[in-house]
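Okay, structure first, notes after.
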Amino acid sequence: MKTGLNVVILFCLLAVSLLSKAQENAPEPYGVLPSNDQVNWQQLEYYMFVHFGPNTFTDVEWGNGKEDPKIFNPTDLDCRQWAATAKAAGMKGIIITAKHHDGFCLWPSRYSTHTVRESSWKDGKGDLLEELSNACREYGLKFGVYLSPWDQNHPAYGTSGYNQIFANTLNEVLSNYGDVFEQWFDGANGEGKDGKKQVYDWDLFHDTVYRNQPHAVIFSDVGPGCRWMGNEQGVAGETNWSTLNVEGFAPGHGSPPVEVLNTGVQGGEAWVPAETDVSIRPGWFYSSSTDEKVKSVAKLMDIYYTSIGRNSNLLLNVPPDREGRIHPNDSIRLMEFRRAVENSFKEDLAKTATIKASATRGNSPEFSTANLLDDSYDSYWTTDDDVLTPFVELDFKRQLSLNRLLIQEYIPLGQRVSSFSVKCWDESKNDWVGLAEATTIGYKRILRFSAVSTRRLRIDFDALACPVISKISVYNSPEQFSDAEVNTKNKGFEDTSKWSIVSPSATVISMITDNDTGTYTEIAKNTPFVLDLGETLLVKGFSYTPVDKVQSSNILRYNLYTSIDGQSWTQLKNDAVFNNIANNPVRQDVILFADNPEEIRYLKLEPLETADSGDKYWIAEFTVF
Ligand code: FUL
């Protein structure tokens, strides 16, 4: 008995000493590191954004804060349906627009008079944050909140008192509804040159968040918890460092260029990983005009690869409709998308391979290549400190087809790999042939390539400090083909043969009516765009398709006139805005005659400002409907 006990004690001591030896031998962390909360956040990967508010009822992307709060009246609001949908879609949480740029609060805030309390919904007795946070708890989902510092309703906005009011508002949201995993600060501001100016007190806002929610990750253009990755199309950089230089930068106009946000900065001074926010529809808010424009499974899969597959979390927006429910077109698509992801990553072919490396740290089993194939994120393969360009080789022991490679770095020790390449063994050439070259890995990197048939795969790393790799998986995923484009409700006139452009006279009409958004016309800003329909037509509105490039020469503010004879003009829009076109350059449908279409022959579009404040503007497509 006594001997048995001694053996156990001896065994335990040995285990402890082996463990501490392994830890002792573990590589030093490299560069700035994620906090525990950031590592946990990164492992969520996929969660839902919900844009909901007065804009849902006015069919605009940006309200102006002057909307009658009574218009907010979802007839059948069901946050449990949102949560059930998110859960079934495989998402890990929901972030709700508690207050968008129009200032309307989805809870009865003491610091505003523009809230659900003043709305018709539940006779002013409702509290959407309470309903949603409860539903998230019930479905085991994390709960997050978006609050826009830019507020077009609050009378104090633009005065020194506003910062404290916004902090009080934050405090209210973050102290009343349980745990908040992410606080989303939108940097957008559409005030324009002559608008209200507000210098935000970010320190105060951050303190307020951490005081209430010490584990929350704060999103903004520049973090500190996670960062905007520079566009709303779902495309994170092929190179994507989780590090960024943040000193001297601020969210919004003070942020680094979008190209920098897209790729992060190698060796940057803070750990601020990318989050990809993108909407399942063209706009962020629900509109019945986009019911047929829900992104296809193929498009969503592309987004999966350019977000989660590129070291970024995916925050997919699914906007509820005027009933207050997620529309079936969106929920069905979400389920199809989940199935496509599961089918793509069903069978990890690496599991049955033997795997060896050119080097292993201290030749120790603690750091062996077996760790690359197990399911624990915390075990990893690594090399001695001075080995920066090792390779690993997988032998499948039989010829098989593969077209995806998934790799994960163990980020608690920093982001260390700067590039890697993939080769497969070609039996006929008796040599390795290149399959793919890539740059960063980070928490997760997935490469797509055309299927190859091979027995062996080799991955060569180039790292800033010895690479620390947690996982390598290989798949043969079914290829997803694009669904046919679906037409919008506001389809333009099909016969444009009589159309011509009056100004600028040299512009050819085909360029803007060819349904090819890749071709566009560039016009000097002081030259209006005048379209002649060749005859009077009954018109309800027009649509402007910008060039698919963020913060570029697309039209932001404009005047719009119509005419029957090309001589006398009626002004229908004065200093109107294509809201959010800077960051989300998608087709803009503008209704000119809401009730009945009217006869017009000429349209004059006078740009006042472009998204890059330049002296020229772009039109990719233009039509009337
Ligand atoms: C942008 C906003 O202006 C959009 O309306 C939307 O909320 C998007 C997520 O962020 O900056």
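Here the working numbering is used: position 128 in the sequence shown is 153, and no number is missing along the way. No residue lacks a Cβ here, since even glycine has one placed at the ideal position from N, Cα and C.
Helix, strand or coil for Asn193 per DSSP? Indexing the sequence shown from 1 puts residue 193 at position 168. Correct three-state label for Asn193: helix.
Identify which residue in Ile484, Val527, Glu361 and Gly334 has its Cα closest to the Cα of Ala384. Translated into positions along the sequence shown, residue 384 becomes position 359. Of the candidates Ile484, Val527, Glu361 and Gly334, the one whose C-alpha sits nearest the C-alpha of Ala384 is Ile484.
By DSSP, does Gly255 sit in helix, in strand, or in coil? In the sequence shown, residue 255 corresponds to position 230, counting from 1. Coil, per DSSP.
Is it right to say Asn551 is buried, meaning 16 or more other beta carbons lie within 10 angstroms of its own, or is it exposed? To locate residue 551, count along the sequence shown from 1; it is residue 526. It is exposed - the Cβ of Asn551 has fewer than 16 other Cβ atoms within 10 Å.
Assign Gln208 to buried or exposed, taking buried as 16 or more other Cβ atoms, counted over all protein chains shown, within 10 Å of its Cβ. In the sequence shown, residue 208 corresponds to position 183, counting from 1. Counting other Cβ atoms within 10 Å of its Cβ, Gln208 reaches 16 or more and is therefore classed as buried.
Taking the C-alpha atoms as reference points, what is the distance between Asp400 and Gln63? To locate residue 400, count along the sequence shown from 1; it is residue 375. To locate residue 63, count along the sequence shown from 1; it is residue 38. Their Cα atoms are separated by approximately 20 Å.
Go ahead and pull the three-state DSSP assignment for Gln596. Here residue 596 refers to the residue found at position 571 when the sequence shown is read from its first residue. It is a strand residue.
Looking at C-beta atoms only, is the number of pairs between the segment 222-235 and the segment 251-268 that lie closer than 8 Å three or more? no
Since Ala476 is in the beta strand (DSSP E), which residue starts that stretch and which ends it? Stepping through the sequence shown from its first residue, residue 476 is reached at position 451. Looking at the DSSP string, the run of the beta strand (DSSP E) that includes Ala476 is Arg470 to Ala488.
Which of helix, strand or coil DSSP assigns to Ile462: By 1-based counting over the sequence shown, the position of residue 462 is 437. Per the sequence presented here, residue 462 reads as Glu, with Ile not at that position. Residue state, collapsed to three classes: strand.
Rounding to the nearest angstrom, what Cα-Cα distance links Asn338 and Glu646 in this structure? As a position in the sequence shown, residue 338 is number 313, starting the count at 1. As a position in the sequence shown, residue 646 is number 621, starting the count at 1. Approximately 32 Å between the Cα atoms of the pair.
Just checking Asp211 against the ligand FUL - is the residue's beta carbon closer than 6 Å to any of the ligand's heavy atoms? Residue numbering aside, residue 211 sits at position 186 when the sequence shown is read from its first letter. Checking every heavy atom of the ligand FUL against the Cβ of Asp211, one is found closer than 6 Å.
Just curious, the beta strand (DSSP E) that Met116 is in, first and last residue? Walking along the sequence shown from the start, residue 116 turns up at place 91. First-last for Met116: undefined, no H or E at that position.
Within a Cβ cutoff of 8 Å, which residues of the same chain sit near Tyr569, ignoring the five residues on either side of it in sequence? Here the question's residue 569 lines up with position 544 in the sequence shown. Apart from sequence neighbours up to five positions away, the residues of its chain that approach Tyr569 with a beta-carbon distance below 8 Å are Ile580, Phe603, Arg612, Gln613, Val615, Leu630, Ile644, Glu646 and Phe647, ordered along the chain.
Are Trp175 and Asn214 closer than 7 Å when you measure CB to CB? Translated into positions along the sequence shown, residue 175 becomes position 150. Translated into positions along the sequence shown, residue 214 becomes position 189. It is a contact, given that the beta carbons lie within the stated cut-off.
Checking the sheet assignment: what are the DSSP bridge partners for Ser314? Looking up residue 314 in the sequence shown gives position 289. Bridge partners of Ser314: none, in fact.
Report buried or exposed for Ile625, applying the criterion of at least 16 other Cβ atoms within 10 angstroms of its Cβ. As a working note, residue 625 is residue 600 in the sequence shown. The residue in question, Ile625, is buried, as its Cβ has 16 or more Cβ neighbours within 10 Å.
Just to check my reading of the structure: Thr464 and Ser495 have Cβ atoms closer than 8 Å, yes? What is that Cβ distance to the nearest angstrom? Numbered from its first residue, the sequence shown carries residue 464 at position 439. Numbered from its first residue, the sequence shown carries residue 495 at position 470. No, Thr464 and Ser495 are not in contact; Cβ-Cβ is about 18 Å, not under 8 Å.
Which class does Val343 belong to by DSSP, given the choice of helix, strand or coil? The residue you call residue 343 lines up with position 318 of the sequence shown. Coil at Val343, not helix or strand.
When burial is assigned at 16 or more other CB atoms within 10 Å of the CB, is Pro276 buried or exposed? On the sequence shown, residue 276 is found 251 positions in, with the first residue counted as 1. Buried: at least 16 other Cβ atoms inside 10 Å.
According to DSSP, is Ser60 part of a helix, a strand, or is it coil? One-based indexing of the sequence shown puts residue 60 at position 35. Coil.
Heavy atom of the ligand FUL within 6 Å of Asn605 beta-carbon: As a first step, residue 605 must be located in the sequence shown, where it is residue number 580. Checking every heavy atom of the ligand FUL against the Cβ of Asn605, one is found closer than 6 Å.
State the start and end residues of the unbroken alpha helix (DSSP H) segment that holds Asn80. Your numbering for residue 80 matches position 55 in the sequence shown. Asn80 -> alpha helix (DSSP H) spans Pro79 to Thr83.
At the level of alpha carbons, what is the spacing between Asp637 and Pro79? Taking the first residue of the sequence shown as 1, we reach residue 637 at position 612. Taking the first residue of the sequence shown as 1, we reach residue 79 at position 54. In a straight line, the C-alpha of Asp637 is about 29 Å away from that of Pro79.
Going by Cα to Cα distance, which pick from Gly591, Val412, Gly279 and Thr538 is closest to Phe486? Translated into positions along the sequence shown, residue 486 becomes position 461. Out of Gly591, Val412, Gly279 and Thr538, Val412 has the C-alpha closest to the C-alpha of Phe486.
Whole-angstrom distance between Gly56 and Pro344, CA atom to CA atom: Looking up residue 344 in the sequence shown gives position 319. Looking up residue 56 in the sequence shown gives position 31. In a straight line, the C-alpha of Pro344 is about 39 Å away from that of Gly56.
Can you give me the Cβ contacts of Gly118 inside the same chain, cut-off strictly under 8 Å, excluding the 5 residues immediately before and after it? The residue you call residue 118 lines up with position 93 of the sequence shown. Spatial neighbours of Gly118 in its own chain (CB-CB distance under 8 Å, excluding positions within 5 residues in sequence) are listed in chain order as Leu69, Tyr72, Met73, Ala111, Cys161, Leu166, Lys167, Phe168, Gly169, Phe206 and Glu207.
Can we count Trp253 as close to the ligand FUL, meaning its CB is less than 6 Å from some heavy atom? If you number the sequence shown from 1, residue 253 lands on position 228. Incorrect: Trp253 has no Cβ contact closer than 6 Å to the ligand FUL.
Any idea which residues DSSP pairs Arg364 with across the strands? Here residue 364 is taken as the residue at index 339 of the sequence shown, counted from 1. DSSP lists no partner for Arg364.
Going by DSSP, what residue range makes up the beta strand (DSSP E) through Asp232? By 1-based counting over the sequence shown, the position of residue 232 is 207. Counting along the chain, no beta strand (DSSP E) covers Asp232; the unbroken alpha helix (DSSP H) around it starts and ends at Trp227 to Asn237.
Within the same chain, show all residues whose beta-carbon is closer than 8 Å to that of Asn501, passing over the 5 residues directly before and after it, in chain order. Within the sequence shown, residue 501 is the residue found at index 476, counting from 1. Taken in chain order, the residues that qualify are Glu372, Leu374, Leu425, Ser426, Leu427, Asn428, Arg429 and Ala476.
Would you call the CB atoms of Cys251 and Glu300 closer than 7 Å? For the purposes of this step, residue 251 is identified with residue 226 of the sequence shown, where counting begins at 1. For the purposes of this step, residue 300 is identified with residue 275 of the sequence shown, where counting begins at 1. Yes, these two residues count as a Cβ contact at 7 Å.
Counting only the same chain and skipping the five closest in sequence on each side, list residues whose C-beta sits under 8 Å from that of Asn512. Translated into positions along the sequence shown, residue 512 becomes position 487. Confidence is the limiting factor: at Asn512 the pLDDT is only 39, short of 50, which leaves the residue's position unreliable, though a coordinate-based value still follows. Apart from sequence neighbours up to five positions away, the residues of its chain that approach Asn512 with a beta-carbon distance below 8 Å are Glu317, ordered along the chain.
Glu510 classed as buried or exposed, judged by whether at least 16 other C-beta atoms fall within 10 angstroms: One-based indexing of the sequence shown puts residue 510 at position 485. Residue confidence is low: Glu510 scores 38 on pLDDT, short of 50, so the model does not pin down where it sits. Its coordinate-derived value is still stated next. Answer is exposed; the Cβ neighbour count stays below 16.
Taking Lys218 as the reference, give the member of Gly273, Asp600 and Thr331 with the closest Cα. Counting from 1 along the sequence shown, the entry for residue 218 is found at position 193. The residue with the shortest Cα to Cα distance from Lys218 is Asp600.
Among the residues of its own chain, which have a CB less than 6 Å from the CB of Ile534, if the five just before and after it don't count? Residue numbering aside, residue 534 sits at position 509 when the sequence shown is read from its first letter. Trp524, Ser525 and Ile526, listed in sequence order.
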